[in-house]
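Protein chains in written order, with our numbering: chain R, 1 to 606; chain D, 1001 to 1606.
There are 2 protein chains.
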Amino acid sequence: MNKSYKIDFEPVGLRGKCMPGISLLECARTLGVDLVNLCGGNGTCGQCIVQIIEGSVSCLTKTEENFLSPDQINQGYRLACKTIPLSDLKVSVPPDSLTTPQRTQVESMDLPVVPEPLVKMYDIEMTAPGSNDLCSDSRRLINRLKEQYNINVLSIDLDVLREMPVYLRDNNWKARAVLRENKIIALGCQDSRLAGIAFDIGTTKIAAYLLDLNTGRTLASKGMMNPQIKYGEDIIARLLYAQESQKQALHIREILSNTLNQIIGDLCSYAGLTNNDIFEIVVVCNTAIHHLFLGLPGKSLSLAPYIPVTDSELDIKAEKLGLKTAKGAYVHFLPNIAGYVGADHVAMLTALEILEQKGIVIALDIGTNTEICLLNKGSLTSLSCASGPAFEGAHVKFGMRAGQGAIERLRIENNKVIYKTIGGKPAKGFCGSGILDIFAWLYKAGIMDRTGKLTDNHPLIRKINGINHFVINIKDQDKSQCFEITFSQKDIREVQLAKGAVRTGIQALLKANNLTEKDIDKIFIAGAFGSYIDVKSAKTAGMLPNIPSNRFTQVGNAAGLGSRLALISRSRREQARYIARQVEYLELAVFPDFPEIFAKSMYLDS
Amino acid sequence: MNKSYKIDFEPVGLRGKCMPGISLLECARTLGVDLVNLCGGNGTCGQCIVQIIEGSVSCLTKTEENFLSPDQINQGYRLACKTIPLSDLKVSVPPDSLTTPQRTQVESMDLPVVPEPLVKMYDIEMTAPGSNDLCSDSRRLINRLKEQYNINVLSIDLDVLREMPVYLRDNNWKARAVLRENKIIALGCQDSRLAGIAFDIGTTKIAAYLLDLNTGRTLASKGMMNPQIKYGEDIIARLLYAQESQKQALHIREILSNTLNQIIGDLCSYAGLTNNDIFEIVVVCNTAIHHLFLGLPGKSLSLAPYIPVTDSELDIKAEKLGLKTAKGAYVHFLPNIAGYVGADHVAMLTALEILEQKGIVIALDIGTNTEICLLNKGSLTSLSCASGPAFEGAHVKFGMRAGQGAIERLRIENNKVIYKTIGGKPAKGFCGSGILDIFAWLYKAGIMDRTGKLTDNHPLIRKINGINHFVINIKDQDKSQCFEITFSQKDIREVQLAKGAVRTGIQALLKANNLTEKDIDKIFIAGAFGSYIDVKSAKTAGMLPNIPSNRFTQVGNAAGLGSRLALISRSRREQARYIARQVEYLELAVFPDFPEIFAKSMYLDS
């Protein structure tokens, strides 16, 4: 009875053996499948839904009957936490049951470059030393690399020197040398793969990609929350936390590196690799996360005029940052531009090949801070605007992150509200794209005027405590429960500030370049939120300029793509450096007419 | 009564304040004067002799009367451990009372180069950032270095970045940037000096020099025993010790780095500097010490054919080696040549400017291992011969290191033995130079034949346990005590092996170059032992070839000089690298006719 079962999770492609008696949720954890499980496997959240495709499992529980529709039950859907495998299984995981891909956008894309990694692996064979061949181990290796590959080795990592004599003799004078440019950083073993990880570390979320550096293929990807969030949703709070003491600065570094190590471990085990196969890491993030991670003091970054300690690209030993990789591996940080325009912006511009674009081009990534870049005749101007967390669900009563049950699409037809939630789950609130839709449709339906004021007399509007609220009645179909979620005049003002900030940034860039909206040839919208919005709603809401929709392109997680490009291509890394130095930074706070532009940007349909 | 006294130690030039009631030995320790004190200040070794020049001290003790002659007492000599200052003092320290300079040869020499250090310090002034000048701290610094000094900074140490924001603001945007080539490795403070330390780490002794990198001046020097000696006088024993476990390998590294830290601290406090003023370290040592210090496995080095892990020059962060210096400082290791021809040999050749020499030149440093180099028409051949520790006093019954009471000179005239001891102390045994004299004079006096056999019938020879012994009667003049020290036929054989090995090396080099002794234009004899020997005796003993004495030059601690040159001059460091790669290594063990050459070399007057 101690025979283990083979469990195959599709379409994520994770498979492996699990001991009998443990739940499918446990199996999933073991194999690195990140099932949503808000309740910790207690059967109270009903989120870890999977479909049994092949094989037999334990009987359906009462708990599951409560969460699953009869249709779902007929199709073999189960809650993973309540299901025990009784044979080998093939299990299908619906996208909504994964914590990861939902709206973090770590999905693999084919990379549009020929792999040209900074780190390379070379197999060589040497002759053993003897009394007529007394050359040192290191010189033997160096000479052979020169003879066989015409490489000039300039240095060897001390840790490599320390393991080299035993390694060479144990491997019969065959070696797999790992070079980073002209430095030998590691000695691989016979089955070691040359892999690297690209991290896109956001204020809220972390996206990570494990790449084969030889083929450029993305072997695995993973999303996770940034654990530093517990010290503040906004970055200033975290910078202040770190400034309070050395201990706190170290702690906020360590919780991040611990999470990164967890991700490294998960990605490696998913791809059948070990940490020792990771020879290079690229990190892109905003300037504040960059400083927190590197242990750079954040005081000048947290106070106007927000001066970063450094904006240069950096190569730091992974070991020095507490990351568990091959010993000689480095972490490459893409350059920053300013205190609030970080390497993630540089990575986005790199991924978009911004300098290859024609005409007047705008690229933006909307988040708590929105960074916007304008390309005009080969010159780049970037700025950052504090758009705030309204689109992440904060400061809006029924706002929520883009998780299950969030209204992501909404329209109003004949005074009826039609909406769609993520995962088709009962509506719990609005995520960013839904909020933008509400905004646009309240205006289009004549329920809200251009200034954002809700009308007093409308069936969808109700006064609560003297304040107008847009009210949506939610019916839980199966249980005929009925409740309401609302969007108040106060919520509208929050969103107006957020969308107004984004629009202000665009207008300021145009003005600084003596351009108008009509001149814009293309707008790239990057990032998780930007990828899911309805561009028409964004135009109606006045967040984005009212230009033809075919001039907009939603490009997904361009920063993540940029980080992967920098990981596998030296020339793209070089381009990132070049772009970063080309960008002229515009400080919005000191921009002339800022208040006037901002006021205008608050309007709808502007 | 709590007033402190000012104590001035001359000629070492160390002075400072000491609290009343503590002994002069304690004062000396506090001020960094290294008085010999084998007994730990108990008054039983009688070695910490000093002379009171000015001021008043506590009364003479019985102990001192036992150790000092009436003449010495009249001249104000005292034992420092038994003498308490009663006023400000001026104290003269005889050379023999210092642990340091005796025969370690760390004495300062003017260096024949213009300082051209790899590490330089630049004072710059920046303007503070403002809302119209948002450039990052690092770029501000980099730009200013470019403007003011036309330096292209390529990178900044992470630790520097971490301290930079506070530093720049606290110093009102003035900075003293310390660069190593194009990397900023530290930020100095207003009174920081740009200093470095050159270490010549021998198997037995360590010589250290503190240099001002701007002026090239040697500010202080110090000698100390290599603490690793407790794990074996010979280097193979230490390599084996380190191979036994990771823990032991770490331990033997740490006791060395602890001692080096002690030396760094002592040198700094002597020169009024702090560890943070030390921005560069150069280390020269033999290949085995090099491997032990760097934590490189020594197995292949301890077994024939003695393959080193690496022979390349290395730059390692001082921090990584546990050395306490400025945080960003590096340790530069000069390159090695072979398992038994190390960086100390390279340093010697560099100091001698070997490639600038004319004619056929031999340079050698005699020790437990003797490294010899031959220059012939611009090409260099080096080898190592295992001369053993006989000249260090080991394996010879009355052999001793070159300390007080060692017979360092000896001659035999009319069957009378005339000798001189180090420090004029009662003879306790022979040091290397004395042994060589005995050897030469026994032969010249006809007491020993060319093969090294002692005659049976001679007043200076006595059979003890059936073996002939050369006997010296020692009279302690003051106390009319009389005892004898001896040099037996067995001792002679030991010395024959030692001196024969050196001579074998010379002969093999000549033979490999198709030369004979007559062709030699110059022989440089380096090292502590080599500096004190009587060249005539060395020739008579057959250790050195019998060529005119004016072709010999005793050059002192050339390896130490080479280490200092490499510390303050990039081009001399570059030369060292070049020399190391020019040297062809000759493996004596596989040299044709080795046994024959060796046998011949054992003879005297050969």
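A virtual CB, placed ideally from N, CA and C, is assigned to each residue, including glycine.
Note that the structure is predicted; figures quoted are calculated from it, not measured.
- Secondary structure of Ala175 of chain R (DSSP, three-state): strand.
- From the beta-carbon of Pro305 of chain R, the residues of chain D found nearer than 9 Å are Pro1129, Gly1130, Ser1131, Asn1132, Asp1133 and Leu1134.
- Beta-bridge analysis with DSSP links Glu1054 of chain D to D:Lys1090.
- Within the DSSP secondary-structure output, Leu213 of chain R pairs in no beta bridge.
- Distance check between Gly562 of chain R and each of R:Leu296, R:Gly556, R:Ala501 and R:Thr350 places R:Thr350 closest, using alpha-carbon atoms only.
- If you compare the alpha carbons of D:Val1396, D:Ile1124 and D:Leu1301 with that of Gln1243 of chain D, the shortest gap goes to D:Leu1301.
- Between Ile1184 of chain D and Val1166 of chain D, the beta carbon gap of about 16 Å keeps them out of contact (Cβ cut-off 8 Å).
- Secondary-structure assignment with DSSP links Cys1285 of chain D through a beta bridge to D:Ile1201.
- Listed by position along chain D, the residues whose Cβ is nearer than 9 Å to that of Ala538 of chain R form an empty set, because the closest Cβ is around 30 Å away.
- Of the residues D:Asn1152, D:Ile1307, D:Asp1200 and D:Pro1115, the one whose Cα lies closest to the Cα of Gly1216 of chain D is D:Pro1115.
- Leu1303 of chain D counts as exposed, since fewer than 16 other beta carbons sit within 10 angstroms of its beta carbon.
- Setting aside the 5 residues that flank it on each side, Ser569 of chain R is surrounded in the same chain by Val113 and Glu116, each with a C-beta closer than 6 Å to its C-beta; the list follows chain order.
- Between the alpha carbons of Leu1497 of chain D and Asn1414 of chain D lies a distance of about 29 Å.
- Residue range Leu1024 to Leu1031 is occupied by the alpha helix (DSSP H) that includes Cys1027 of chain D, with no beta strand (DSSP E) assigned at that position.
- For chain R, the residues of the stretch 1283 to 1295 of chain D that bring a beta carbon within less than 8 Å of one of its beta carbons are Leu1294 and Gly1295, in chain order.
- The alpha helix (DSSP H) runs of length 4 or more contained entirely in the stretch 276 to 331 of chain R are, from start to end of the chain, 287 to 294 and 299 to 302.
- At the C-beta level, Pro85 of chain R and Val57 of chain R come within 9 Å of one another.
- A straight-line Cα-Cα distance of about 43 Å links Ser221 of chain R and Arg1253 of chain D.
- Classified as exposed, Tyr578 of chain R has fewer than 16 neighbouring CB atoms from the shown chains inside 10 Å of its CB.
- Between Leu1383 of chain D and Ala1566 of chain D the beta-carbon gap is near 23 Å, outside 8 Å, which marks them as no contact.
- With respect to Ala363 of chain R, Ala580 of chain R sits apart: the two C-beta atoms are not nearer than 9 Å.
- In this structure the stretch 1273 to 1289 of chain D lies against the stretch 1191 to 1204 of chain D, because at least three pairs of beta carbons, one per stretch, are closer than 8 Å.
- Phe1430 of chain D has D:Gly1399 and D:Ile1407 as its beta-bridge partners, per DSSP.
- Among the bridge pairs identified by DSSP, Thr83 of chain R is matched with none.
- Runs of the alpha helix (DSSP H) spanning 4 or more residues and lying entirely within the stretch 475 to 550 of chain R occur at 489 to 512, 528 to 532 and 535 to 540, in chain order.
- Following the DSSP letters along the chain, one finds Phe9 of chain R in no alpha helix (DSSP H) but inside the beta strand (DSSP E) bounded by residues Tyr5 to Glu10.
- Judged by DSSP secondary structure, Asn1415 of chain D falls outside any alpha helix (DSSP H); it is assigned neither H nor E.
- For Val1361 of chain D against Val1495 of chain D, the beta-carbon gap comes to about 27 Å, at or over 8 Å, which does not count as contact.
- Between the alpha carbons of Cys1048 of chain D and Leu1460 of chain D lies a gap of roughly 35 Å.
- In the three-state DSSP reduction, Tyr1578 of chain D falls in the helix class (H, G or I).
- Contact annotation: the stretch 137 to 148 of chain R touches the stretch 168 to 182 of chain R, with at least three C-beta pairs closer than 8 Å.
- For Arg180 of chain R, the three-state secondary structure derived from DSSP is strand.
- Annotation for Lys1358 of chain D: no alpha helix (DSSP H) segment contains it, and DSSP assigns it neither H nor E.
- When C-beta distances to chain R are compared with 7 Å, the residues of the stretch 1307 to 1322 of chain D below that value are Ile1307, Pro1308, Val1309, Thr1310, Asp1311, Ser1312, Ile1316 and Lys1320, in chain order.
- In the three-state scheme derived from DSSP, where H, G and I count as helix and E and B as strand, Asp133 of chain R is classed as strand.
- Looking at the backbone, the Cα of Glu319 of chain R and that of Phe1591 of chain D are separated by about 47 Å.
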